[in-house]
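Enquirer: Below you will find the structure I want to go over with you.
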Amino acid sequence: DAGVIQSPRHEVTEMGQEVTLRCKPISGHNSLFWYRQTMMRGLELLIYFNNNVPIDDSGMPEDRFSAKMPNASFSTLKIQPSEPRDSAVYFCASSLATANTGELFFGEGSRLTVL
Amino acid sequence: AQSVAQPEDQVNVAEGNPLTVKCTYSVSGNPYLFWYVQYPNRGLQFLLKYITGDNLVKGSYGFEAEFNKSQTSFHLKKPSALVSDSALYFCAVRDALTGGGNKLTFGTGTQLKVEL
Chain A
1 DAGVIQSPRH EVTEMGQEVT LRCKPISGHN SLFWYRQTMM RGLELLIYFN
51 NNVPIDDSGM PEDRFSAKMP NASFSTLKIQ PSEPRDSAVY FCASSLATAN
101 TGELFFGEGS RLTVL
Chain B
1001 AQSVAQPEDQ VNVAEGNPLT VKCTYSVSGN PYLFWYVQYP NRGLQFLLKY
1051 ITGDNLVKGS YGFEAEFNKS QTSFHLKKPS ALVSDSALYF CAVRDALTGG
1101 GNKLTFGTGT QLKVEL
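Quick note, the sequences are listed as chains A and B, same order. Sequence positions in the first sequence follow this note's numbering and run 1 to 115. Sequence positions in the second sequence follow this note's numbering and run 1001 to 1116.
Structure below.
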C-alpha cells in the first residue's frame, strides 16, 4: 500500500525564493496535517484540513506561509518569501477523521534548507 | 487545552535491560494517548495507543505502555531493549471531547539510545 507521499525530499534554496512542498495523503483518508520539525522547537502543527477544508491554521507562523488542499488527494504548503529560519523538516500526515482514534500516518518529510 | 510532557531528553540503556520512557499528560476530559517512534531521516510511525479499557496497552516491536489516571502518566516500556530500538520517541495526546478530527498534541520527544 502506498503511504503518504511527500515531495521534494530535499530542497535547498536561497533566501527570498518561493518554496512549494507537496503531499499526497493515503487514499480514503479525509484529514491532512502539516507539521514542522526543528531541533529548537520540536514538532509543531502548522495547519490541518478535514475534507479539504482548513480547520485550524493557528500554527502557521506568519503570512509568508500558506497551505491549500484543492482536492482529497493533494495538498501544498507554500513559503513566499523564504527565510533561513524556515529551515526545517516539514512533515505531512493523514488520517481517517471518522475513526476518531488518532492514528496518523506520516510521510518521510521534506527537508528544507534556506541559505 | 491539551498538553503532554516528556521530562527526559535522552534515555540510555544497555541491550537486554528493561527500558522506560516517561510521559505525563493534561487534558480537560478523558485522554486518548499515543506513542510514536521516529528513526533517523524518517517520518513518525505509530507504536501504540490507549483509548479505553485495559490500562496496559501492547503495541508494535514488543513495546507496551501503562495508563495511570491518578498520576496522569502513560510511560512506554519494553522488558528487554534492543540496539535497533534506538530512535526518537514521541508521546501524544488528544482530548476525547475534541471534535474535528485527529488533532494530536505531541511531546518534545525522548531520544532512546540502546548500547551493547
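Ideal Cβ placement from N, Cα and C applies to all residues, glycine included.
(1) Which runs of the beta strand (DSSP E), 3 residues or longer, sit entirely within the segment 39 to 68 of chain A?
(2) Looking only at C-alpha atoms, which of B:Glu1064, B:Glu1015, B:Asp1009, B:Gln1006 sits nearest to Ser1080 (chain B)?
(3) Drop a sphere of 10 angstroms on the beta-carbon of His10 (chain A), count the other beta-carbons inside from all chains shown, and report buried for 16 or more, exposed for fewer.
(4) Please list the terminal residues of the continuous beta strand (DSSP E) segment that includes His1075 (chain B).
(5) Measuring alpha carbon to alpha carbon, tell me which of A:Thr113, A:Arg64, A:Arg22 ends up nearest Ala88 (chain A).
(6) Thr1108 (chain B) touches chain A at which residues, Cβ-Cβ below 7 Å?
(7) Is there a Cβ of chain B sitting closer than 8 Å to that of Tyr48 (chain A), yes or no?
(8) Whose Cβ in chain A lies nearer than 7 Å to the Cβ of Leu1056 (chain B)?
(9) In its own chain, which residues sit with a C-beta less than 6 Å from the C-beta of Phe33 (chain A), not counting the 5 before and 5 after it?
(10) Listed from N- to C-terminal order along the chain, which residues in the segment 101 to 112 of chain A have their beta-carbon within a distance smaller than 7 Å of any beta-carbon of chain B?
(11) Looking at C-alpha atoms only, which residue of B:Ala1092, B:Gln1045, B:Ala1087 is the closest neighbour of Val1114 (chain B)?
(12) Kindly indicate which three-state DSSP category Val89 (chain A) falls into: helix, strand or coil?
(13) Can you tell me the Cα-Cα spacing of Ala1065 (chain B) and Lys1078 (chain B), whole angstroms?
(14) For Pro84 (chain A), which three-state DSSP category applies?
(15) Roughly how many whole angstroms lie between the Cα atoms of Cys1023 (chain B) and Gly1043 (chain B)?
(16) Check for me: the beta strand (DSSP E) holding Val1037 (chain B) runs from which residue to which?
(17) Under 8 Å between C-beta atoms, does Leu1076 (chain B) make it to chain A?
(18) Cβ atoms of Ala97 (chain A) and Asn1102 (chain B): under 8 Å apart, would you say?
(19) Tell whether a beta-carbon distance below 8 Å holds between Val19 (chain A) and Ser82 (chain A).
(20) Would you tell me roughly how many angstroms separate the C-alpha atoms of Trp1035 (chain B) and Thr1052 (chain B), rounded to the nearest one?
(21) Where do the ends of the beta strand (DSSP E) carrying Ser1070 (chain B) lie?
(22) Excluding the five sequence neighbours on either side, which residues of its own chain have a C-beta within less than 8 Å of the C-beta of Ile26 (chain A), listed in chain order?
Expert: Taking the definition as stated:
(1) Qualifying beta strand (DSSP E) stretches, in chain order: 42 to 50, 53 to 56.
(2) Taking the second sequence and counting its residues from 1, the one referred to as residue 1080 (chain B) is at position 80. That would be B:Glu1015, whose Cα lies nearest to the Cα of Ser1080 (chain B).
(3) Here residue 10 (chain A) is taken as the residue at index 10 of the first sequence, counted from 1. Result: exposed.
(4) As a position in the second sequence, residue 1075 (chain B) is number 75, starting the count at 1. His1075 (chain B): member of the beta strand (DSSP E) spanning 1073 to 1078, first to last residue.
(5) To locate residue 88 (chain A), count along the first sequence from 1; it is residue 88. Of A:Thr113, A:Arg64, A:Arg22, the residue nearest in Cα terms is A:Thr113.
(6) Here residue 1108 (chain B) is taken as the residue at index 108 of the second sequence, counted from 1. Those are Gly42, listed as they occur along chain A.
(7) Reading the first sequence from its first residue, position 48 is the one you call residue 48 (chain A). It does; some Cβ of chain B falls within 8 Å.
(8) Walking along the second sequence from the start, residue 1056 (chain B) turns up at place 56. By Cβ distance, chain A contributes nothing, its closest Cβ being about 18 Å from Leu1056 (chain B), past 7 Å.
(9) Position 33 of the first sequence, counting from 1, holds the residue named residue 33 (chain A). If we look at Phe33 (chain A) and ignore the five residues flanking it on each side, its Cβ neighbours are Tyr48, Ala93.
(10) Answer set for the segment 101 to 112 of chain A: Thr101, Gly102, Glu103, Leu104, Phe106, Gly107, Glu108, Gly109.
(11) For the purposes of this step, residue 1114 (chain B) is taken as the residue at position 114 of the second sequence. Scanning B:Ala1092, B:Gln1045, B:Ala1087 for the CA closest to the CA of Val1114 (chain B) turns up B:Ala1087.
(12) For the purposes of this step, residue 89 (chain A) is taken as residue 89 along the first sequence, with counting starting at 1. Of the three classes helix, strand and coil, the one that applies to Val89 (chain A) here is strand, per DSSP.
(13) For the purposes of this step, residue 1065 (chain B) is taken as the residue at position 65 of the second sequence. For the purposes of this step, residue 1078 (chain B) is taken as the residue at position 78 of the second sequence. So the alpha carbons of these two residues sit roughly 8 Å apart.
(14) Here residue 84 (chain A) refers to the residue found at position 84 of the first sequence. In the structure shown, Pro84 (chain A) sits in a helix (DSSP, three-state: H, G or I).
(15) Here residue 1023 (chain B) corresponds to residue number 23 of the second sequence, with the count starting at 1. Here residue 1043 (chain B) corresponds to residue number 43 of the second sequence, with the count starting at 1. Cα to Cα, Cys1023 (chain B) sits roughly 20 Å from Gly1043 (chain B).
(16) As a working mapping, residue 1037 (chain B) is identified with position 37 in the second sequence. Segment 1031 to 1038, the beta strand (DSSP E) holding Val1037 (chain B).
(17) As a working note, residue 1076 (chain B) is residue 76 in the second sequence. With 8 Å as the cut-off, Leu1076 (chain B) does not count as an interface residue toward chain A.
(18) Here residue 1102 (chain B) refers to the residue found at position 102 of the second sequence. Here residue 97 (chain A) refers to the residue found at position 97 of the first sequence. Cβ atoms of Asn1102 (chain B) and Ala97 (chain A): closer than 8 Å.
(19) Your numbering for residue 19 (chain A) matches position 19 in the first sequence. Your numbering for residue 82 (chain A) matches position 82 in the first sequence. With respect to the 8 Å criterion, Val19 (chain A) and Ser82 (chain A) are classified as neighbours on the basis of their beta carbons.
(20) Your numbering for residue 1035 (chain B) matches position 35 in the second sequence. Your numbering for residue 1052 (chain B) matches position 52 in the second sequence. Those two C-alpha atoms are separated by around 15 Å.
(21) Translated into positions along the second sequence, residue 1070 (chain B) becomes position 70. Per DSSP, Ser1070 (chain B) belongs to no beta strand (DSSP E) and is neither H nor E.
(22) As a first step, residue 26 (chain A) is located in the first sequence; it is residue number 26 there, counting from the start. Short of 8 Å from the beta carbon of Ile26 (chain A), and not among the five residues preceding or following it, lie these beta carbons of its own chain, in chain order: Asp1, Ala2, Gly3, Val4, Ser94, Phe105.
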